[in-house]
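Have a look at the structure below, then the notes.
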Amino acid sequence: MNDYITTTSGKKVRIWGTFSPASGGDVNKSVSIQHWANFEANPLWDFVNNGYAVLNSGDYIYTVGKWSEWYGHELSLDFIFHGSPDGSAFAPNVFDRDNATNNAARDSAALLGHVAPQWNDFGPNATTVTEAYYQWRDGLPALADKQWGGEVAEDAYGGLFAKLQPAAPGQNLDRRIPSVGETIVEYDFTQSNGSTVKDLSGNGYHAESSCELGEEGAVLTPSCSITTPLTQKGRNYTLSFSIKPTSAAKGAIFSGGDSGLWFGNGTVDAVMLFSGESTYALNYTFPVGEWTEAKLVGQGRQTFLDVGGDRMEFLTIMGWNGARFVWQPVAVEAPLATLGGGGFEGVIGGMKLVDGA
């Protein structure tokens, strides 16, 4: 394979892990090694000292989406700042955090650098895209500093991160929404006239409605919707709303970005969250023909539906290697862009989004 790839494309080959188990295998020195597990091989003695270039991908820093028997789900700041055998910060030459004699020289020409893998071992319903972001959010700048030989101290990092992370250009991965106060947006659909629904929060996030607005509120049907200037709100939030389904028709109540709150789907009647082409259902549904005061609450790694003080948690069910199921929390951003517009039929009296849970 190495001969074919190099002669036909001019590219180089890299092995992930270690040599093949074939006895007597001969691997060309032009093939680099992406080493990940010390129980598979010793990267210094097996590779570097035998003339191979090595990319450090050691599993000390591995993260696995949502749950794992062996690995964490967030980058370890303790390892980043104390991952060397002497307790000092990690560096790309560190293969073994306990035994310095197994580590390459920091200026070794055989060392290609360091890669921190993030694995989604349990499939697309295990971890949403933004959950994957939060796995690395707090630790990635610190790790990048150490990967490039930086000297940011642990006691200074927290303050630097808090100031710089919100100002990183071209992104709003935290799904922040500017607000003059704790209440970000509030609509009273019983007090609205015409097509514009005023935002009562003072932030000016007025909505536009193509739905009928009556004494009870906005009448949501498949042929109309209410649109807001917002898309999503990230951790933490409380979205309060009053809802009365008028039929058992299934569909989205709230949607925005890659998330949604649905009143059932297909043949399933349960209230469910939607994110990333996966749904996460409760053993509960809003009663047809009755008003329900509900709160969708995003709190850290968890999402809840609160009805009358009864808090129900949305969970994801993951299959573990065909042996058993594992139930874990799921964090979904508050969907805000559109109310209705799908199959749902009902009346919404009002909604209020508050920063915090």
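With the sequence shown counted from 1, adding 1 to any position gets you my numbering. C-beta: ideal position from N, C-alpha, C; glycine also. Computed from a prediction, not measured in an experiment: that's the story for all the values here.
- Rounded to whole angstroms, the gap between the alpha carbons of Gly195 and Tyr206 is 16 Å.
- Excluding its 5 nearest sequence neighbours in each direction, Leu165 has C-beta neighbours in its own chain below 8 Å: Pro142, listed in chain order.
- Check the Cα spacing between Asp99 and each of Ser69, Tyr61, Gly66: the tightest is with Tyr61.
- With respect to Tyr188, Ala335 sits apart: the two C-beta atoms are not nearer than 7 Å.
- An exposed status is given to Phe40, since fewer than 16 other beta-carbon atoms sit within 10 Å of its beta-carbon.
- The beta carbon of Gly343 is closer than 6 Å to those of Gly252, Ala253 in its chain, skipping five residues each way along the sequence.
- Secondary structure at Leu283: coil, using DSSP grouped into helix, strand and coil.
- Between Asp307 and Val298, the gap from beta carbon to beta carbon is short of 7 Å.
- With a beta-carbon spacing of about 26 Å, Gly277 and Pro179 fall beyond the 8 Å limit used to define contacts.
- With fewer than 16 other beta carbons inside 10 angstroms of its own, Val269 counts as exposed.
- By the Cβ rule, the stretch 46-55 does not count as touching the stretch 69-82, because fewer than three pairs are nearer than 8 Å.
- Under the three-state reduction of DSSP output, Pro86 falls in the coil class, being neither helix nor strand.
- The Cβ atoms of Leu113 and Asn94 do not sit closer than 7 Å to each other.
- Bounds of any beta strand (DSSP E) do not take in Arg98, whose DSSP letter is neither H nor E.
- Taking C-beta atoms as the reference points, Phe305 and Glu314 count as a pair closer than 7 Å.
- Cα atoms of Glu213 and Pro230: separation of roughly 20 Å, rounded to the nearest angstrom.
- As far as DSSP is concerned, Ala358 takes part in no beta bridge.
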